[in-house]
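Okay, so here's the structure we're looking at.
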Amino acid sequence: MLSEDLYEILAQKLDASVPRLSPAGQKGKIPNGWIDYLKILIDHEDVKFLIKLSVGPNFLTLKRFARKIKKDEEEALQILERLIDQNCVLKIGSKKPKYAIHQTFLLHSFPPLSYHNYSKEKAKKLAELSFKNMVDDGWYKVYSGSSETPTMRVIPVHESIESKKLILPYEDVSKIIDDAKIIAITKCACKTRTETLGIRDCKENIPLETCFYMNHMAKFIIERGLGREISKEETKRLCKEFNQKGLVHTTENFGEGTHSMLCNCCPCCCNPLGGITMWDKPHSVATANYFAKIKDIELCERCGTCETNCIFKAITLSDNGPIVN
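Reminder that position 272 of the sequence shown reads as 272 in our numbering, one-by-one numbering, no gaps.
Structure follows, in structure tokens:
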């Protein structure tokens, strides 16, 4: 079988793996740019092995993978290590590790963390094709899930302008941090992509290192040298600092379970917020479980802090005071 056919099989496998989380959005309509991206990311000698794995969250043991590719376990492990280095396979566990193909959005998100290990030409080409796939091919419409079930949600910072605490357990960013067993900080994939393309508008005041991974994802990040371990105290301090810079905390959209990522998104680079701030998908991120309101309009000093800080333009100042949309 030709390697071109194998890349299409991989794309179709990704397309079928998670409803509404594929670059095509529909089975049988795979954009050429996405195939080109996969060809640059994954060596043609290894793609025939990659398609034998399942797509996360369905993992295979080394023994089962070796059996599927008809190799001994030592050679199968070498192949898996190569695929991990190519940022297309996730490994979980240490004593009895399991492996899976990255979900589609992670195939966009992990390579930028390794751009520094690629040639400048390869890094730029991956960034160009990823951006084209996201914007020109319209994958942003399905990247973040459906309007009924976005994959990411916003986490409030629990501070009003008067700095009073508003504690909501489900929405508590501090709780997500406290619940983590281990945390890693990495460069933001979205910001790194736009930085590589020379189009990052927030370059002057926002650092690249703004994303946190927790638990099994943190261990994977640290093990692969894609980030560094960070304490819970430092994570909280940075989250507060990022909020003051206007970044928005987002995480996976579920109510129960252990979170594996905590992103700090800007309006100009980040895909989860892009549907709202740059493109035409207002439901690309699930809202926090509350509605903003003006508690006492007479106490408003017309300082403009709320209007300036809200990247969604949900609040504006008028002659009569602030207005919440």
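Cβ atoms here follow ideal geometry from the backbone N, Cα and C, with glycine treated the same way.
Span of the alpha helix (DSSP H), counted from its first residue to its last, around tyrosine 37: 32-41
7 Å Cβ cutoff met for asparagine 215 and lysine 181: In this structure, lysine 181 lies closer than 7 Å to asparagine 215 by Cβ.
Closest Cα partner of isoleucine 176 within the set Met261, Ile9, Glu298: Of the listed residues, the one whose Cα sits closest to isoleucine 176 is Met261.
At least 3 beta-carbon pairs within less than 8 Å: the stretch 106-121 vs the stretch 65-78: no
Burial state of asparagine 87 (16 or more Cβ within 10 Å): buried
Three CB pairs or more closer than 8 Å across the stretch 201-219 and the stretch 120-136: no
Simplified DSSP state of serine 94, which is helix, strand or coil: coil
Contacting residues, own chain, Cβ-Cβ under 7 Å from lysine 63 (five flanking each side not counted): Glu73
Which of helix, strand or coil DSSP assigns to histidine 259: coil
Beta-carbon proximity list for glutamate 8, same chain, < 7 Å, skipping 5 on both sides: Ile30, Ile35
Reduced DSSP secondary structure (H/G/I, E/B, other) of proline 112: helix
Start-end ranges of the alpha helix (DSSP H) lying completely within the stretch 58-89, minimum 4 residues: 62-69, 73-85
Distance between leucine 50 and lysine 165 (C-alpha atoms, nearest Å): Because lysine 165 sits at a pLDDT of 26, beneath the cut-off of 50, its placement in the model cannot be relied upon, and the following sentence gives the value as read from the coordinates. The straight-line gap from Cα to Cα measures roughly 48 Å.
Backbone secondary structure at isoleucine 199 - three-state DSSP: In the three-state reduction of the DSSP assignment, isoleucine 199 falls in the coil class.
Cross-strand partners of glycine 404 (DSSP beta bridge): Outside the shown range of the chain, which is 1 to 325, sits residue 404, and nothing can be said about it.
Status (buried if at least 16 other CB within 10 Å, exposed otherwise) for proline 150: With a pLDDT of 44 at proline 150, under the threshold of 50, the predicted position of this residue should be treated as unreliable, though the coordinate-derived value follows. Buried, since its Cβ has 16 or more Cβ neighbours within 10 Å.
Threonine 61 Cβ short of 6 Å to the ligand SAH heavy atom set: In terms of ligand content, the structure shown is empty, and the ligand SAH therefore cannot be addressed.
7 Å Cβ shell around threonine 328 - same chain, five flanking residues per side excluded: Shown here, the chain extends from 1 to 325; a query on residue 328 therefore has no answer.
Beta-carbon gap between leucine 38 and alanine 100 smaller than 7 Å: no
Counterpart residues of isoleucine 101 in DSSP-defined beta bridges: Val55, Val89
Spatial neighbours of valine 89 in its chain, beta-carbon cut-off 8 Å, leaving aside the 5 residues before and after: Leu50, Leu53, Leu80, Leu83, Tyr99, Ala100, Ile101, His102
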